[in-house]
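Peer 1: Attaching a single structure in structure tokens format; questions to follow.
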Amino acid sequence: MSAGTSSAAAAPSRTDLSQDAVLSIRDLVVSYGQVEALHGISLDVRRGEVVALIGSNGAGKSTTLRAVSGMIRPASGRVLFEGRDIAGMPSHEVVRLGLVHVPEGRQVFANQSVRDNLVLGAFPHLRSKAETAAVFEREFDRFPVLRERQNQLAGTLSGGEQQMLAISRGLMARPKVLLLDEPSMGLAPLLVKQVADTVKQLNAEGVTILLVEQMATMALSVAHRAYVIQNGTVRIEGPSAEVARNAEVVRAYLGGAAQHELGSAAETR
Amino acid sequence: MDVGELVASFFRVLPQALVSGLALGSVYALIAQGYYVTFTTTETLNFAQGEFLMVGALTSFSLLVLAGLPYLVAVVAVILLMVLMGIAVERVAIRPLRQLLSVGWILSTVGVSVILRQFAEIYWGREQKRVPSIFGDTPLYIANTGIFPQELFIILASLLTMAALLFFLKRSTFGKALQAVAFNPAAAGLMGINVRQMVVVAYVISSILAGIAGVLIAPVIFAHAEMGALLGLKAFAAAIIGGIENPVGILVVGIGLGIAEFIVASYNASFRDAVTFLLLILILAWRPQGLFQRVTAEKV
Ligand SMILES: Nc1ncnc2c1ncn2[C@@H]1O[C@H](COP(=O)(O)OP(=O)(O)OP(=O)(O)O)[C@@H](O)[C@H]1O
Ligand SMILES: [Mg+2]
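First to last, the sequence lines map onto chains A and B. If you're matching positions, the first sequence starts at 3 in this note's numbering and goes up one per residue. If you're matching positions, the second sequence starts at 74 in this note's numbering and goes up one per residue.
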């Protein structure tokens with residue numbers, strides 16, 4: 003299914019969504035010690051979609067991704083990936099299914115070379131030499147700066163370069179669904195635009211994306227649909243254009259000025 | 074004794090100390106690389122490493138002397154035993170205590186060392202066992218300096234083992250994964266690396282190194298239940314001073330320690346350990362962060 007058709011379809015009902023969803027989260031509850039961070043989140047991501055997950059500081063966006071990818075064990079709820087409940091599955095097994103999480107803050111292996119970081123990204127899939135060379139070429143073409151710096155330690159890269167490396171490293175694992183946690187964090191506006199373009203391009207290549215952002219403007223401009231979470235619960239959901247026009251969202255996450263521009267950006271998507 | 078005499082005597086004992094110290098020191102380094110491997114991956118280490126060496130040495134006695142098995146068979150058997158012991162010590166003494174921000178693993182691995190010592194006394198007895206070298210006991214003389222073939226073998230075998238280890242850690246995908254676990258276990262998990270398994274592997278590697286060290290050193294010192302404690306401790310000193318995350322520093326300091334020890338011993342054998350540890354304490358007082366660590370800590 004192409005990205006265009008899915009967003010052009012009339013707003014489907016909840017049951018329709020979960021039926022063709024590649025990733026369905028149902029009533030997800032996650033606690034850190036005694037503190038409950040997610041109070042029952044449900045959301046769906048359909049094959050071929052870009053879905054934005056927005057919300058302010060501490061809303062529970064990263065926690066949602068961590069629970070999906072197995073970095074933390076949910077207290078209850080279901081995480082259905084291609085119809086199979088993977089809640090509580092350890093992260094090293096989840097990634098093998100093609101559900102790949104590019105974590106908040108890049109978390110590249112700073113003491114290893116750029117190239118070795120990519121090698122580690124490919125760890126779940128042992129490939130032939132030729133195949134490996136081909137994926138390296140693909141990633142180096144995507145982000146030429148990584149080719150230039152392949153022998154440098156990852157820790158010596160700039161923030162933007164580290165983000166590119168983190169994304170490339172995730173792509174080495176052959177994602178069907180990519181969970182991106184704040185890829186634009188700390189980047190200059192020009193780089194934020196580049197991240198947005200990368201997300202669109204990946205989606206065009208057939209990767210389904212769940213994009214977490216505090217930068218609602220960027221996220222809504224690339225996503226087909228969006229969920230707004232607040233204090234560990236979903237507050238608003240819908241097609242990006244609708245969410246971008248929602249008064250509450252405009253007030254809390256966008257600021258009046260950005261509204262018009264954004265509304266039209268989401269419309270064209 | 075005047076200064077001239079002292080200098081002259083120093084140069085007289087130096088060649089022999091260099092040769093014997095190199096052999097003993099490379100064993101320290103071999104043991105200490107085990108501390109390095111587990112510490113970088115888990116920030117824990119096995120304080121029973123010396124006793125693992127002892128079990129390796131005494132097992133080689135049983136297999137070579139009592140059972141009369143060929144050398145290679147004995148070595149392989151010791152390595153297999155160490156694989157099992159490495160898995161066991163991780164499971165019992167490390168894993169349950171690692172999650173808590175604790176130093177409980179120090180107590181538990183020291184506990185393992187006590188248990189192994191007592192077990193060895195019961196099983197092998199208190200007396201020292203002689204494990205003959207497969208290369209015989211006739212020293213070779215090079216420029217008036219005697220060296221046992223076994224000592225040469227120790228130096229070669231431990232250097233080769235360490236080179237293989239470092240090559241494996243730095244070059245293989247598996248070694249890179251181990252480094253990734255050391256750097257950021259959560260992110261390593263996202264790469265599809267089974268972190269828990271890697272920790273076990275680190276302990277297995279560490280134990281194998283101790284076992285090999287035990288088989289190597291048994292013919293030049295007697296094998297007995299108490300042999301591991303001091304060796305493990307000196308190897309620990311080499312790791313701390315060389316930098317526990319710096320395998321090359323560990324090698325240099327391990328060998329230096331072996332040589333220093335033999336120089337001291339050639340003046341007064343009964344001061345050997347006391348003077349060696351005094352030296353170590355002084356070095357630590359001078360450079361608390363170890364010899365090769367860049368000084369990054371704030372000055373107080
Ligand atoms: N490791 C942790 N231990 C305890 N509490 C945590 C931990 N990580 C997050 N929390 C808490 O869980 C809640 C949700 O945090 P989360 O990191 O998921 O928010 P977020 O939406 O990703 O925020 P941000 O935009 O700042 O990244 C917050 O109240 C946070 O304080
Ligand atoms: Mg977050």
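Using N, Cα and C, we set each Cβ at its ideal position, and we do this for glycine too.
1) Please compile the residues from chain B whose C-beta is within a distance smaller than 8 Å of the C-beta of ASP118 of chain A.
2) Ignore the nearest five residues each way along the sequence and tell me which others in PRO258 of chain B's own chain have a CB closer than 8 Å to its CB.
3) Name the residue from B:VAL149, B:GLU224, B:PHE83 whose alpha carbon lies nearest to the alpha carbon of ALA291 of chain B.
4) Anything in the stretch 256 to 267 of chain B with a Cβ closer than 7 Å to a Cβ of chain A? List those residues in chain order, please.
5) With DSSP as the reference, please indicate the residues paired to PRO241 of chain A in a beta bridge.
6) For ASP29 of chain A, which residues does DSSP report across the bridge?
7) Under a Cβ-count criterion, where at least 16 other Cβ atoms within 10 Å of its own Cβ denotes burial, should ARG253 of chain A be classed as buried or exposed?
8) Taking the straight line between their C-alpha atoms, what separation do you get for GLY60 of chain A and ALA77 of chain A?
9) Assuming PRO185 of chain A and ILE211 of chain A make a contact with CB atoms under 8 Å, what is their CB distance in whole Å?
10) Quickly, what does DSSP pair LEU55 of chain A with across the bridge? List them, please.
11) Quick check: is the beta carbon of VAL214 of chain A nearer than 8 Å to any beta carbon in chain B?
12) Can you tell me where the beta strand (DSSP E) holding GLU207 of chain A begins and where it ends?
13) Taking just the CA atoms, how far does ALA132 of chain A sit from PRO14 of chain A?
14) Would you say the beta carbon of THR65 of chain A comes nearer than 7 Å to a heavy atom of ligand 1?
15) Using three-state DSSP, classify ALA77 of chain A as helix, strand or coil.
16) Is there a Cβ from chain A that is less than 8 Å from the Cβ of THR114 of chain B?
17) In three-state DSSP terms, what is ASP75 of chain B?
18) Runs of 4 residues minimum, wholly inside the stretch 96 to 136 of chain B: which ones carry the alpha helix (DSSP H) assignment?
19) List the whole-angstrom C-beta distance separating ALA275 of chain B from THR111 of chain B, where the pair is believed to meet the contact cut-off of C-beta under 8 Å.
20) For GLU200 of chain B, tell me which candidate among B:MET300, B:ALA342, B:VAL92 has the shortest Cα-Cα distance.
21) Report the three-state DSSP secondary structure of ARG48 of chain A (helix, strand or coil).
22) With three or more beta-carbon pairs closer than 8 Å as the criterion, would you say the stretch 214 to 234 of chain A touches the stretch 32 to 50 of chain A?
23) Between the stretch 121 to 129 of chain B and the stretch 329 to 347 of chain B, do three or more beta carbon pairs fall short of 8 Å?
24) Name the residue from B:LEU351, B:MET264, B:ILE336, B:ALA347 whose alpha carbon lies nearest to the alpha carbon of LEU122 of chain A.
25) I need the DSSP call for HIS94 of chain A, collapsed to helix, strand or coil.
26) Nearest to GLY208 of chain A by alpha carbon, out of A:ILE27, A:SER242, A:ARG176, A:GLU84?
27) Using a Cβ-Cβ cut-off of 6 Å (strictly less than) and excluding sequence neighbours within five positions of THR158 of chain A, which residues of its own chain qualify?
Peer 2: Taking the coordinates as given:
1) Ordered by position in chain B, the residues that pass the 8 Å Cβ test against ASP118 of chain A are LYS249.
2) Taken in chain order, the residues that qualify are VAL268.
3) B:GLU224
4) PHE256, ASN257, ALA259, ALA260, GLY262, LEU263, MET264, GLY265, ILE266, ASN267
5) A:ARG227
6) None, per the DSSP bridge assignment.
7) When all chains shown are included, ARG253 of chain A counts as exposed.
8) 18 Å
9) So it is not a contact: roughly 10 Å between Cβ atoms.
10) Beta-bridge pairing by DSSP links LEU55 of chain A to A:VAL214, A:TYR229.
11) With 8 Å as the cut-off, VAL214 of chain A does not count as an interface residue toward chain B.
12) Where GLU207 of chain A is concerned, there is no enclosing beta strand (DSSP E), given that its DSSP letter is neither H nor E.
13) Residue placement at PRO14 of chain A cannot be trusted, given a pLDDT of 46 that sits under 50; the coordinates are not used to answer.
14) yes
15) coil
16) So, not an interface residue.
17) Looking at ASP75 of chain B - three-state DSSP - the assignment turns out to be coil, as it is neither helix nor strand.
18) 122 to 134
19) 5 Å
20) It is B:MET300.
21) ARG48 of chain A falls in the strand class under three-state DSSP.
22) Taking a contact to require three or more Cβ pairs closer than 8 Å, the stretch 214 to 234 of chain A and the stretch 32 to 50 of chain A qualify as touching.
23) The answer is no - the stretch 329 to 347 of chain B does not touch the stretch 121 to 129 of chain B, with fewer than three Cβ pairs under 8 Å.
24) B:MET264
25) Reduced to three states, the DSSP call for HIS94 of chain A is helix.
26) A:ARG176
27) Hits under 6 Å: none found.
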